[in-house]
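S.K.:
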Amino acid sequence: MISQNALRHAEKCRFCFMCRHLCPIQLQTGKEVNTPRAKGLLLSMVNKGAAEFDKDMAQTMYECLICDACVNDCATGYQPPLYIREARTEAVVNDLAPQAVMQLIENVDATGNIYGVQKPSFAQEGSDVLVYIGEVAACKVPQMAEGLLKVLAKAGVSAKVLDNEPASGVMLADLMGYVDEVAQQAKACAAAINATGIKTVVVLDSYDAEIMKQRYAQWGAEINAEIITATAYVAKLIEDGKLAAKAACGTLGACHDDDRLARTFYEFAPIRAIAKAAGYQLTEMFNKERLAKSCGSAVALAYMPNIVTKVAAGRWDDLARTEATAMLTASPEAYLCLSQATPEGKQVVDLYSALAE
Amino acid sequence: MKILVCMKAVPSTGQVQVDGQFRLQRDGAKLQWNIADEAALEAALTLKSAEDTVTVLTMGPAKLEDPLRELLARGADRAILVSDPAFAGADTVATAGTIAKAAEFLGDFDLILCGRRAIDGETGQTPAMVAAALGIPCISNAESVQLQNGAVFVARRLESGTVLLSVPCPVCVSMCEYTYTLRLPGIMGMRRAKSKTVELLDSAALGLSPQSCGLKGSLTKVISMDSKFPGLRNGPKETDLNAGTDALLAMLQEVVK
């Protein structure tokens with residue numbers, strides 16, 4: 429049931445090979461089938477009756493981070509994530525998705541998050557902004573959530589965090605595509621946010637910010653507040669003089685532009701402003717800003733840890749080509765993935781904690 | 062409660078082509094469901110309780126079977142494709158007559174929901190004609206629809222506001238665009254849809270003679286077709302916002318003259 433629109437994106441590839449050179453998974457695994465264009469070809473073959481959509485093909489569709497690097501550089505403007513997401517829907521509907529993926533979906537059913545645990549609460553009262561922590565920070569990188577809340581307190585911002593914060597739906601969307609189950613999560617999340625009456629929502633995880641800003645309205649899940657990424661919000665606090673810059677720490681670092689900040693929001697300056705305010709001297713990796721190489725996503729890490737660890741190591745290779753010793757990030761997803769492969773002598777820095785110290 | 066939703070597949074904007082008889086060419090065109098019809102379907106799915114059934118019906122080529130199946134995945138219980146080469150070229154009278162025949166064939170519906178107009182023809186006539194053919198009332202331009210004790214409560218859009226109407230079933234209601242956001246298909250819905258059949262109704266099944274449907278059964282004939290403002294799209298590209306605004310204003314003033 430791949431839509432005509434998605435098939436159009438799959439079938440009109442002109443084989444220019446650009447995505448082959450950019451795909452972080454292909455770069456690490458070396459498998460031709462891991463290029464976005466190969467995934468498109470496979471779906472095209474299925475559509476023409478020349479191949480069967482089987483478990484192997486479904487597995488291939490999950491060997492993608494949906495990092496949008498291919499979209500960013502596609503010469504013809506096609507969007508592989510469109511058909512990859514729909515292929516994942518097809519895989520789940522037909523019980524062809526990898527077992528690890530199905531387990532994560534069951535975890536979401538049971539607990540609301542892919543980790544299958546009670547989501548830790550960061551609940552606090554406040555009135556200026558609502559901070560949306562997200563599943564990844566809450567369950568896997570709690571220090572970053574705490575760091576952000578400390579930074580906001582330091583700037584005199586009264587920040588509220590919901591108790592029993594609902595899932596945004598972004599994780600389920602990566603696992604099974606844009607389906608009604610995801611829209612239902614979005615509606616519940618929007619309702620909880622709207623019930624606070626707060627007009628500014630600061631979103632820690634840019635993956636959550638993306639789905640809220642780009643998808644919620646078309647699913648009838650409007651949020652009656654401004655959605656702003658935590659990086660943009662904190663950078664503005666620094667610019668407005670509400671947060672004082674720290675003394676230089678003497679460490680040379682390079683900022684990692686996470687997938688969504690890099691290619692959805694084109695938000696490059698805020699993270700660098702935060703890094704400077706945290707006392708870091710900055711250099712740049714060759715693959716930066718819109719061309720930043722992905723280091724993995726939390727969802728992909730959960731169902732294919734070996735591949736994502738290799739992908740994260742690939743990002744560390746980029747850092748090794750500079751003089752920097754620190755990879756600087758304000759993304760819980762990036763922090764989690766980079767931490768899986770930190771080389772000796774290097775460190776991954778959570779910028780909110782660094783700024784809060 | 063039996064609800065029928067009439068859906069129309071229309072060419073995506075900008076891809077409209079017509080043949081020598083000024084009939085829209087749907088075969089090669091990328092199609093989408095008419096926006097107001099999507100609102101009608103969502104209204105039906107919102108009203109639907111466990112005992113109710115929602116049937117979607119469309120009239121068009123055989124290639125609409127897959128898009129209809131997707132509507133089953135979104136929550137419709139039954140999908141009907143009214144398709145026959147004899148139906149080609151139908152105007153609103155012939156279309157409404159065919160749909161009404163199909164509705165009669167399928168059984169007594171309590172509520173028929175349609176979009177108020179299609180984005181290709183923009184006549185807005187078909188819902189009222191279907192209702193007339195079936196001998197039931199029609200409420201057009203609905204913004205919302207609710208059911209209570211066998212009656213339909215409709216908020217109907219007027220030029221100066223909204224009027225609330227109550228009508229006993231059976232009734233036909235045509236919905237305004239963007240009033241309801243059509244839900245996404247769910248995983249369970251897609252699994253259910255796989256085992257369902259899209260039912261085909263042709264002219265023989267409906268007992269329609271070739272003279273009473275399609276182009277032959279139409280009362281109107283398109284005798285010419287022109288672009289209202291030829292060449293407007295081929296003007297110079299303007300990259301400066303202010304200059305572009307001035308150019309657009311001048312162009313609009315020229316059109317108004």
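Residue numbers (our numbering), protein chains in the order written: chain A, 429 to 785; chain B, 62 to 318.
Positions of the beta carbon are idealized from the N, C-alpha and C atoms, including for glycine.
Predicted model, so just to flag it, every value in this text is computed and none were measured.
If you compare alpha carbons, which of B:Ser-221, B:Lys-282, B:Val-206, B:Gln-272 is closest to Phe-83 (chain B)?
M.R.: Among B:Ser-221, B:Lys-282, B:Val-206, B:Gln-272, the Cα nearest to that of Phe-83 (chain B) belongs to B:Lys-282.
S.K.: Closer than 7 Å by C-beta to Val-545 (chain A): which residues in its own chain qualify, once you throw out the five before and the five after it? Chain order, please.
M.R.: Excluding residues within five positions, the ones whose Cβ falls inside 7 Å are Thr-539, Cys-567.
S.K.: Per DSSP, what kind of secondary structure is Val-629 (chain A) in: helix, strand or coil?
M.R.: Note: Val-629 (chain A) maps to strand in three-state DSSP.
S.K.: Is it the case that the Cβ atoms of Lys-721 (chain A) and Asp-746 (chain A) are separated by a distance below 8 Å?
M.R.: Going by C-beta atoms, Lys-721 (chain A) is nearer than 8 Å to Asp-746 (chain A).
S.K.: To which residues does DSSP link Leu-85 (chain B) through a beta bridge?
M.R.: Paired residue(s): B:Val-79.
S.K.: Please state whether DSSP places Cys-617 (chain A) in a helix, a strand or coil.
M.R.: Cys-617 (chain A) falls in the helix class under three-state DSSP.
S.K.: Less than 8 Å between C-beta atoms, sequence neighbours within five positions excluded: which residues of the same chain meet that for Phe-170 (chain B)?
M.R.: Same-chain partners within the cutoff: Lys-63, Ile-64, Leu-65, Thr-116, Ala-164, Pro-231.
S.K.: For chain B, find out if any of its Cβ atoms is closer than 8 Å to the Cβ of Asp-602 (chain A); answer yes or no.
M.R.: Not one chain B Cβ lies under 8 Å of Asp-602 (chain A).
S.K.: I need the DSSP call for Phe-214 (chain B), collapsed to helix, strand or coil.
M.R.: Strand, per DSSP.
S.K.: In chain order, what residues of the same chain lie with their CB nearer than 6 Å to the CB of Asn-433 (chain A), ignoring the 5 residues before and after it?
M.R.: Within the same chain, Asn-433 (chain A) has no close Cβ partners at all.
S.K.: Report yes if the C-beta distance between Glu-183 (chain B) and Cys-237 (chain B) is below 8 Å; otherwise report no.
M.R.: Not in contact: Glu-183 (chain B) and Cys-237 (chain B) (Cβ atoms no closer than 8 Å).
S.K.: Along chain A, in chain order, which residues have C-beta atoms closer than 7 Å to that of Thr-258 (chain B)?
M.R.: None at all; the shortest Cβ gap to chain A is about 15 Å.
S.K.: Pick from B:Asp-80, B:Gly-150, B:Ala-104: whose alpha carbon is nearest that of Val-213 (chain B)?
M.R.: Comparing Cα positions, the closest option is B:Ala-104.
S.K.: Quick one: what does DSSP say Gln-432 (chain A) is sitting in, helix, strand or coil?
M.R.: Helix, per DSSP.
S.K.: So, under 8 Å CB-CB, Ala-784 (chain A) and Lys-582 (chain A) are touching, yes? Tell me the CB distance rounded to an integer number of Å.
M.R.: Ala-784 (chain A) to Lys-582 (chain A), Cβ: 7 Å. Contact.
S.K.: State the Cα-Cα distance for the pair Arg-513 (chain A) and Ala-157 (chain B), rounded to the nearest angstrom.
M.R.: Cα to Cα, the separation comes out at about 39 Å.
S.K.: Should Ser-549 (chain A) and Ser-586 (chain A) be called a contact, given that it needs their Cβ atoms to be closer than 8 Å?
M.R.: No, the Cβ-Cβ distance between Ser-549 (chain A) and Ser-586 (chain A) is not below 8 Å.
S.K.: So, is the C-beta of Tyr-606 (chain A) closer than 8 Å to a C-beta in chain B?
M.R.: Yes, contact with chain B.
S.K.: Mind listing which residues of the region 183-198 of chain B have their C-beta closer than 8 Å to chain A's C-betas, in chain order?
M.R.: Listed by position, the residues of the region 183-198 of chain B near chain A (Cβ gap below 8 Å) amount to none.
S.K.: CB-CB under 8 Å to Arg-244 (chain B), same chain, minus the five flanking residues each way: which ones, in chain order?
M.R.: Glu-103, Leu-106, Arg-135, Gly-136.
S.K.: Let me check one thing: in DSSP terms, what residues is Pro-72 (chain B) bridge-paired to?
M.R.: According to DSSP, Pro-72 (chain B) bridges with B:Leu-92.
S.K.: For Met-236 (chain B), does the three-state DSSP call read helix, strand or coil?
M.R.: Strand, per DSSP.
S.K.: Distance, Cα to Cα, Glu-534 (chain A) vs Met-251 (chain B)?
M.R.: Taking the straight line joining both Cα atoms gives about 18 Å.
S.K.: Mind pulling the chain B residues with CB within less than 7 Å of Glu-609 (chain A)?
M.R.: Gly-247, Ile-248, listed in chain order.
S.K.: Applying the criterion that 16 or more other CB atoms from any shown protein chain within 10 Å of the CB defines a buried residue, is Ala-663 (chain A) buried or exposed?
M.R.: By the 10 Å Cβ count, Ala-663 (chain A) comes out buried.
S.K.: State the beta-bridge partners of Glu-654 (chain A) as determined by DSSP.
M.R.: Answer is A:Thr-628.
S.K.: Report buried or exposed for Tyr-694 (chain A), applying the criterion of at least 16 other Cβ atoms within 10 angstroms of its Cβ.
M.R.: When all chains shown are included, Tyr-694 (chain A) counts as exposed.
S.K.: Using the Cβ count rule (16 or more neighbours within 10 Å means buried), how would you classify Glu-761 (chain A)?
M.R.: Result: buried.
S.K.: Taking 8 Å as the threshold (beta carbon to beta carbon), is Arg-178 (chain B) in contact with chain A?
M.R.: Judged by the 8 Å Cβ criterion, Arg-178 (chain B) is not in contact with chain A.
S.K.: DSSP has Arg-244 (chain B) in a bridge; who is on the other side?
M.R.: Looking at the DSSP assignment, Arg-244 (chain B) forms no beta bridge with any residue, so it has no partner.
S.K.: Just by C-beta distance, which residues in the region 634-657 of chain A are closer than 8 Å to chain B?
M.R.: Within the region 634-657 of chain A, the qualifying residues are Gln-646, Trp-647, Gly-648.
S.K.: How about Asn-462 (chain A) and Cys-451 (chain A): are their beta carbons less than 8 Å apart?
M.R.: Their beta carbons are under 8 Å apart, which means Asn-462 (chain A) touches Cys-451 (chain A) by this criterion.
S.K.: Nearest CA to the CA of Ala-701 (chain A): which residue from A:Gln-612, A:Ala-528, A:Tyr-780, A:Leu-764?
M.R.: Of the candidates A:Gln-612, A:Ala-528, A:Tyr-780, A:Leu-764, the one whose C-alpha sits nearest the C-alpha of Ala-701 (chain A) is A:Tyr-780.
S.K.: At the 8 Å Cβ level, is Val-557 (chain A) part of the contact set with chain B, yes or no?
M.R.: Closer than 8 Å: no.
S.K.: Between Ser-109 (chain B) and the rest of its own chain, which residues show a CB-CB distance below 6 Å, the 5 nearest in sequence each way excluded?
M.R.: Looking at the sequence shown, residue 109 (chain B) is not Ser but Lys. Val-115, listed in sequence order.
S.K.: Just list the beta strand (DSSP E) runs in the region 120-165 of chain B, keeping only unbroken ones of 3 residues or longer that don't cross its boundaries, in chain order.
M.R.: DSSP runs (the beta strand (DSSP E)) wholly in the region 120-165 of chain B: 139-143.
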